[in-house]
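Undergrad: Would you mind keeping the following structure in view while I ask a few things?
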Amino acid sequence: MATIPITKRGAEKLREELHRLKTVDRPWVINAISEARAQGDLSENAEYEVAKDRQGFIEGRIQEVEGKLSAAQIIDPTALDAGGRVVFGSTVELEEEETGEAVKYQIVGEDEADLKLGLINISSPIARALIGKEEGDTAEVQAPGGLKRYEIVAVQYI
Numbered sequence: 001m002a003t004i005p006i007t008k009r010g011a012e013k014l015r016e017e018l019h020r021l022k023t024v025d026r027p028w029v030i031n032a033i034s035e036a037r038a039q040g041d042l043s044e045n046a047e048y049e050v051a052k053d054r055q056g057f058i059e060g061r062i063q064e065v066e067g068k069l070s071a072a073q074i075i076d077p078t079a080l081d082a083g084g085r086v087v088f089g090s091t092v093e094l095e096e097e098e099t100g101e102a103v104k105y106q107i108v109g110e111d112e113a114d115l116k117l118g119l120i121n122i123s124s125p126i127a128r129a130l131i132g133k134e135e136g137d138t139a140e141v142q143a144p145g146g147l148k149r150y151e152i153v154a155v156q157y158i
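Numbering (full-length UniProt numbering), first residue to last: 1 to 158.
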């Protein structure tokens, strides 16, 4: 299995989710199933079916998170020394050349990405265009609204 890059913060969030799934969600659904069983005939028991479906989802998510954590290559952005180049985990300040609009993104793994928080997926078009570039370089990104050009204003490892 290939390694999956993830920041320290992202790995911690996955560990917290796994802990919650195992210590809160799993016991809750087991209790819900036993309560539904106590009601009698399981063939017409909607609560039982819902609880079993929920149990399947929780167990599947536990396996998924455990798999991601076992394949994770945890990267601490503060420990990076990429010589000013844009790499996974770096925070990049950009300025769109046409409009002058300034944006700031951190390049993170798939599970951590949240555009509202300025966290972009390493496999997104903009992240792929930025990787390997340095402060002062220009990156061209094919966006839904057409080609956009961004100047890299600053690269930080925070």
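Positions of the beta carbon are idealized from the N, C-alpha and C atoms, including for glycine.
What are the residues that DSSP puts in a beta bridge with residue 50?
TA: According to DSSP, which records beta bridges pairwise, residue 50 is partnered with nothing at all.
Undergrad: Keeping to the same chain, check which residues put their C-beta closer than 8 Å to that of residue 71; ignore five residues upstream and five downstream.
TA: Once the five neighbours on either side are set aside, the close Cβ partners of residue 71 are 1, 2, 3 and 4.
Undergrad: Pick from 17, 113 and 83: whose alpha carbon is nearest that of residue 58?
TA: That would be 17, whose Cα lies nearest to the Cα of residue 58.
Undergrad: Taking the beta strand (DSSP E) that residue 119 belongs to, which residues open and close that run?
TA: Where residue 119 is concerned, the enclosing beta strand (DSSP E) stretches over 119-121.
Undergrad: How would you write the range of the beta strand (DSSP E) that residue 11 sits in, first residue to last?
TA: Residue 11 -> not in any beta strand (DSSP E); alpha helix (DSSP H) instead, spanning 8-20.
Undergrad: If contacts are defined as beta-carbon pairs under 8 Å, then residue 89 and residue 107 qualify, I think. What distance do you get, rounded to the angstrom?
TA: Indeed, because the Cβ distance is near 7 Å, the residues count as touching under 8 Å.
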